[in-house]
Each structure stands twice: as C-alpha cells, then as structure tokens.
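Step one of this worksheet: look at the structure below.
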Amino acid sequence: MRYEGIFTPPSEQGTLVFPGNLGMFEWGGISVDPNREVAIANPMALPFVSKLIPRGPGNPMEQPKDAKGTGTESGIQPQYGVPYGVTLNPFLSPFGLPCKQPAWGYISALDLKTNEVVWKKRIGTPQDSMPFPMPVPVPFNMGMPMLGGPISTAGNVLFIAATADNYLRAYNMSNGEKLWQGRFTSGWSGYANDL
C-alpha cells in the first residue's frame with residue numbers, strides 16, 4: 008500500500024487516503040454563529056484505502072449500462088468512461104476499528120475573525136460501534152467517526168447527534184463544556200441532525 012502524503016495518487020496496489028473520503032470538515036457541515044463570529048465543526052480523521060481496478064470482462068467494475076454509476080461512500084466505485092474503477096473502504100483492523108490511533112472525531116469551535124481554534128473536544132463513545140457484543144456500556148469518550156453536523160442556537164448552546172452511539176449532546180459554544188447528553192432508544196440513527 009502506498010502513502011506519500013495527502014496527495015498520493017490512487018494505484019493498482021492500493022493507496023492509503025488520509026484524511027479519508029469522509030474528509031475532515033466536509034461531510035457533516037458546519038454551524039455558524041454570525042453574532043459571535045464562531046464556526047462549529049465536527050472534523051473527522053478516518054483513513055481509507057483506495058485501489059484502482061482495471062476494466063475487463065468479469066470484474067466487478069463491469070456494471071450494466073443502465074446503472075447510474077453514482078457510487079457510494081465506500082465499496083466499488085465504477086467510474087464510467089475511464090479505464091479504471093476503484094474500490095474505496097475504511098482502513099479497519101480485524102476488530103472493525105480504524106487503523107489509526109484515536110481520536111477519530113472531534114467537535115470544535117473556530118474564531119472566524121482570528122482563524123484560531125477556540126476549543127476542541129473528542130466526541131463519541133464506542134458503545135454501539137463494537138464488532139462484538141459489549142456486556143457493559145463503554146462510557147469513555149474516545150472520539151468516534153461521525154456523519155451529520157452540529158446545530159448552534161442563539162442561546163450559546165450547540166446540539167449534535169452525529170455519532171453512532173445514539174446520544175444527542177449539548178455543549179456550551181463558548182468553551183466546549185458538555186452541558187447535557189441523552190440517549191435515544193434503539194433504532195435511532197445518531198447520524199441525523201433533524202432538530
């Protein structure tokens with residue numbers, strides 16, 4: 008597998024993509040408080056592996072002509088009209104955990120006047136993300152991958168439910184202090200921000 012920095016091109020032998028295709032700030036979006044001139048974001052540091060697959064008979068890149076070819080976040084990406092397709096998957100251990108030291112996800116505030124990080128906190132527990140049943144909850148906040156974004160309020164409170172551990176959390180936007188968290192029942196997708 009190749010890795011020569013963040014601009015390493017894809018290859019047939021495989022390339023480590025870091026930051027991964029879920030990006031640092033791109034996927035979940037940001038929330039901006041125009042009065043305080045602060046942006047709240049949830050950056051992610053999750054590596055992916057891409058591998059170019061040459062086109063040819065019988066390989067998974069040969070999709071029906073009526074397939075949309077729009078791709079997904081991971082797996083096979085047909086890339087119609089070019090000589091290669093690509094596979095793109097998270098770089099995970101046999102235990103299903105990212106092959107990078109935690110933290111994988113943060114919630115952070117950026118001062119839009121100075122471009123300085125005001126505060127940065129890990130967000131998310133592995134409670135509902137373990138590849139095997141956990142007999143007790145895993146309460147430690149290790150910073151998990153996220154999908155979805157934060158919502159800021161005029162009352163200086165930030166809400167986010169982007170982690171897979173089924174918690175909605177509230178933070179003080181000034182200093183990142185966690186004010187509250189509540190667990191949703193099973194079946195909730197913590198990846199939504201439908202407030």
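Residue numbers (the working numbering): 8 to 202.
Each residue gets a CB set at the ideal place from its N, CA and C atoms; glycine is no exception.
Exposure of Ser181 is indicated by the presence of fewer than 16 other C-beta atoms within 10 angstroms of its C-beta.
Taking 9 Å as the cut-off, the beta carbon of Ile13 is found closer than this to the beta carbon of Phe25. Following the DSSP letters along the chain, one finds Phe166 inside the beta strand (DSSP E) bounded by residues 164-167.
Contact between Thr170 and Met151 holds, with the beta-carbon distance rounding to 5 Å and staying under 8 Å. Look at Phe147 here: in three-state DSSP terms it is coil, with no helix or strand label. Closest in C-alpha terms to Asp172, from the list Gln20, Met51, Met149, comes Met149.
Counting along the chain, the unbroken beta strand (DSSP E) around Lys128 starts and ends at 124-129. Under DSSP, Leu104 shares a beta bridge with no residue. Taken atom to atom, the span from the alpha-carbon of Asn179 to that of Lys107 is near 29 Å. Annotated as proximal: Leu99 and Pro105, with beta-carbon spacing under 9 Å.
Beta bridge pairing from DSSP links Phe55 with Val24, Pro97.
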